[in-house]
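S.K.: If you scroll down you'll find the structure; I have some questions about it.
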Amino acid sequence: MASFDKGAAGDSTGINKMSADQRKQLVYELSKDSSVALKNVLQDWPCDEIREILCAESENGLKYTGLTKDEIINKLFKTLSKKNTGDPEVEERDSSPKRQSKDSDPLQDVTPSAKTKGNGTIRCKNLACQAKLRRGNTFCRRCSCCVCHKYDDNKDPSLWLTCNSDSSLDDESCGLSCHLNCAFKSENSGMKEDNISNDVDGYYLCVSCGKRNCLLECLKKQLLVAKEERRTDVLCLRLLSAQKLLKGTKKYSVILNNVEKASKYLETELGGPLTGPPSNMSRGIVNKLVCVNKVKVECASALKEIDRQLLSSKMQSSWKMRFENVFANSVTLVIGAEESSSRDTTIHYTVWHRKSSEKDYPRDWTCELFSPDTRYEVFGLTPATDYCFKVVCFSGAKELSVDESTVSTLNLEDEVMSNILLGFKSGITDCNNLSPPPPLDIASCSSFSFEQGVKLIRQLECSGQVTSEFRRKFLTWYSLRATAKEKYVVQTFIETFGEDTKALAEQLIDTFSDCITRKRPAVDSGI
């Protein structure tokens, strides 16, 4: 850091004088201080420069084009912090076709000195991986367990848990994996047999970073193997693993019930618990079991429920309920669904609504919507009232997910003011481009409405016959304080001077200037 200082780094002219290596070195040094120091300096840097450094440091092939500058800076700080603390990082696999010779004593743990090349490069001992390792790493992030630091020669993915990105969970994943059995023994997974956590029902915690991950995919792998397995001992171990994954769950009680039934069928026939396989289990064949059909039926039922839960979770994250055009007596419900979520299946939604003060939804639904037509306007609502809306999503006859949301209708005064402001906005922007107002249709004035009044006064303003201040005060007075008699007088003026807009404007100004500036009189409490 002797060649440049941090103070000058925030200046755009100072950045241009730095080389690419100097900029990277500066960012690396700042990341050792704090995220605040890094953010203060990088705020004045071009976003493309910061993104380029992040892409170079992360080495995962991502472009990060959809992130804001603050998100890119935060991501860069996290990436550099992991490197500063010596967190293991997997580099690209060596493309050399030369295969390393097999060790005479193939230990399944990775030590930095085990595979050191002549040029100082350290590689994973696993011949199927051979990833480059940083000095000081205790295990390979790509192929080894983050708990026991060992790898499997013939890795079975169904016996591993991986910290994955999940669209329904906001936490960032670390991408590390561990043996399923190691997770059952770890306090940090939330699945330790003698210490099941009730706070993570339906999930498991990554032993490395603590992120919540859905366990359904791993559970599905266990039951798929169990359903097709030919060896009795493997069948028992898979059902035992499924029981451990579901232990204490309330969220997936239906699946747990199927797994427990299948386990009891086996325990009854084999004469012992699945935890300690009896002697006749080791070389037994599944098809020779009397209960084989019952076990497979329960496994199939559990898999069917898992698929339903996975689809429900996917649909829940792919559609959202929102409200538009909220007025005093009506609201527009819009269900926004991703196009891909309903491309292959017919999705429909059943909607109920009630006042928040009411306990239950009515028996009759409000409407049914079928994708892609998912917009519905609800009328007959009470002003200034909170409403609850419930939407149930179906695929065919299957209920996929349920979502609830609340909305508050406007009171009448707020709605009137909203209409006035809308008129102001559109009137002001169009005044310079409007041609002189056409003659008013006297026939239509016999049923004069507030909307016609807004249009009329805007025309008078744009033609220069009334001021903006008069227009604003007149519409506010007419909508909120004018009596029935005063409104009748206004209508009479319009009918009389409809074709002479100049005379109409003068008459309105002379007659109502005092009325529109007068405040609303106080209401006597005794009358």
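Going by the UniProt record's numbering, the letters in the sequence shown line up with residues 1 to 527, in that order.
For every residue, glycine included, the Cβ atom is placed at its ideal position computed from N, Cα and C.
1) Where do the ends of the beta strand (DSSP E) carrying ASP403 lie?
2) Leaving out five residues before and five after ASP510 in sequence, what residues of the same chain have Cβ atoms less than 6 Å from its Cβ?
3) Do you know how far the Cα of GLU172 is from the Cα of ASN213?
4) Could you pull out every residue in the same chain whose Cβ sits closer than 8 Å to the Cβ of CYS182, ignoring the five residues on either side in sequence?
5) Given a threshold of 16 other Cβ atoms within 10 Å of its Cβ, counted over all protein chains shown, does VAL286 qualify as buried or as exposed?
6) State whether the stretch 257-267 contacts the stretch 222-240, with contact taken as three or more CB pairs (one from each stretch) at a distance under 8 Å.
7) Helix, strand or coil: which one does DSSP assign to ALA484?
8) So, for MET18: in the same chain, excluding its five sequence neighbours on each side, which residues have a beta-carbon less than 6 Å away from its beta-carbon?
9) Where LYS359 and HIS353 are concerned, what is the direct C-alpha to C-alpha distance, given to the nearest angstrom?
10) Can you say whether VAL36 is buried or exposed, counting buried as having 16 or more other CB atoms within 10 angstroms of its CB?
11) Closest to PHE184 by CA distance: which of CYS388, LYS132, ALA242 is it?
12) Give me, in chain order, the residues of the same chain whose beta-carbon lies closer than 7 Å to that of LYS320; leave out the 5 immediate sequence neighbours on both sides.
13) Nearest-angstrom Cα distance between TYR349 and ALA397?
14) With a threshold of 6 Å on Cβ separation, who are the neighbours of PHE370 within its own chain once the five nearest residues in sequence on each side are excluded?
15) Using three-state DSSP, classify LYS150 as helix, strand or coil.
16) Tell whether a beta-carbon distance below 8 Å holds between LEU223 and ALA328.
17) Please confirm whether VAL351 has its beta-carbon closer than 8 Å to some beta-carbon of chain C.
18) Measure the C-alpha to C-alpha separation of VAL392 and SER401 and round it to an integer number of angstroms.
19) Thinking C-alpha only, which one of LYS485, ALA20, LEU456 is nearest ASP500?
20) Between the alpha carbons of GLU305 and SER395, how many angstroms are there, rounded?
21) Looking at the structure shown, is ASN133 part of a helix, part of a strand, or coil, going by DSSP?
22) Quick one: what does DSSP say LEU369 is sitting in, helix, strand or coil?
23) Tell me which same chain residues have a C-beta within less than 6 Å of the C-beta of ILE471, skipping the five on either side of it?
24) I'd like the list of long-range same chain contacts for PRO362, defined as Cβ closer than 7 Å, with 5 residues on each side in sequence excluded.
25) My output table needs one value for THR382: the three-state DSSP class, helix, strand or coil.
26) With distances taken Cα to Cα, identify the nearest neighbour of ASN164 among GLN459, LEU176, VAL27.
27) Quick one: give me the first and last residue of the beta strand (DSSP E) that LYS355 is part of.
28) For SER408 versus ASP373, is the C-beta distance shorter than 8 Å?
29) Starting from LEU205 and walking both ways along the beta strand (DSSP E), at which residues does that stretch end?
30) Taking DSSP's pairing of strands, which residues face residue 531 in a bridge?
31) Expressed to the nearest angstrom, what Euclidean distance is found between the alpha-carbon atoms of PHE512 and LEU410?
32) Which word fits GLU298, buried or exposed, when buried means at least 16 other C-beta atoms lie within 10 angstroms of its C-beta?
33) Once the 5 residues before and after ARG51 are set aside, which same chain residues still bring their CB inside 6 Å of it?
34) What number of angstroms, rounded off, separates the C-alpha of THR467 from the C-alpha of GLU324?
35) How long is the line joining the alpha carbons of LYS192 and SER186, rounded to whole angstroms?
36) Note down the Cα distance separating LYS288 from LEU239, rounded to an integer number of angstroms.
M.R.: Checking against the coordinates, here is how it stands:
1) 398-408
2) none
3) 11 Å
4) CYS145, VAL147, CYS148, VAL207
5) buried
6) yes
7) helix
8) none
9) 11 Å
10) exposed
11) ALA242
12) GLY336
13) 11 Å
14) HIS348
15) strand
16) no
17) Among the chains of the structure shown, chain C does not appear; only one protein chain is present.
18) 6 Å
19) LEU456
20) 15 Å
21) Just to set this straight, residue 133 is Leu in the shown sequence, not Asn. The answer is strand: DSSP assigns LEU133 an E or B state.
22) strand
23) Checking the displayed sequence, the identity of residue 471 turns out to be Arg instead of Ile. Counting only Cβ-Cβ distances below 6 Å, and skipping sequence neighbours, we find ILE457, GLU461.
24) TRP352, ARG354
25) coil
26) LEU176
27) 347-355
28) no
29) 203-205
30) The structure shown does not extend to residue 531, since the chain is modelled only from 1 through 527, so no value can be given for it.
31) 29 Å
32) buried
33) TYR64, ILE72
34) 33 Å
35) 6 Å
36) 18 Å
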